[in-house]
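Read through the structure below, which is laid out as structure tokens, and then see the notes.
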Amino acid sequence: MGTKQEFMQYVEDQLNGVFGLRFKKMFGEYGVFLHEKMVGILADDQLFIKPTEQGLKLIDEPSYAPPYPGAKDYLLIENLEHNQLLKELMLVTYEALPIPKKKK
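Going by numbering that gives the first Met the number 0, the residue at position 87 of the sequence shown is 86; the numbering climbs one at a time, nothing skipped.
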């Protein structure tokens, strides 16, 4: 189905003020990047965040789902209205993920 640009803009607005946030169009969906790290995916007009120990501490009842067929489960973020929690989740996820290896 693909993620609509309007949904990507809505998520970007909810995360306004998170320094280094960017969205990259990938196969009709969007990768969510914070600086050099991919922290999540927008797929089928839903926000998926990579699960980390630190991120799970912020969410009372986490929901998991794969962003696309064959993918590992990510955290499915259903309440996008709580933008302060979203911002905090992005930052702790970024801190918990390793720096990506350079491609040769």
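The beta-carbon is built from N, C-alpha and C at its ideal position, and this holds for glycine as well.
- The beta carbons of isoleucine 98 and glutamate 28 sit about 23 Å from each other, so the pair does not count as a contact at 8 Å.
- Residue nearest to leucine 55 within the set Phe6, Ile76 and Lys24 is Ile76 (criterion: CA-CA distance).
- Leucine 57 and leucine 88 do touch by the CB rule: their CB atoms are close to 6 Å apart, below 8 Å.
- Within the model, the alpha-carbon separation for tyrosine 93 versus methionine 25 is close to 20 Å.
- Judged by their CB atoms, proline 65 and tyrosine 73 are nearer to each other than the 8 Å cut-off.
- Around the C-beta of glycine 16, fewer than 16 other C-beta atoms lie within 10 Å, and the residue is accordingly described as exposed.
- Rounded to whole angstroms, the Cβ separation of leucine 85 and leucine 14 is 6 Å, and the two are in contact under 8 Å.
- Between alanine 95 and glutamine 45, the C-beta spacing is not below 8 Å.
- Rounded to whole angstroms, leucine 90 and lysine 71 show a C-alpha spacing of 21 Å.
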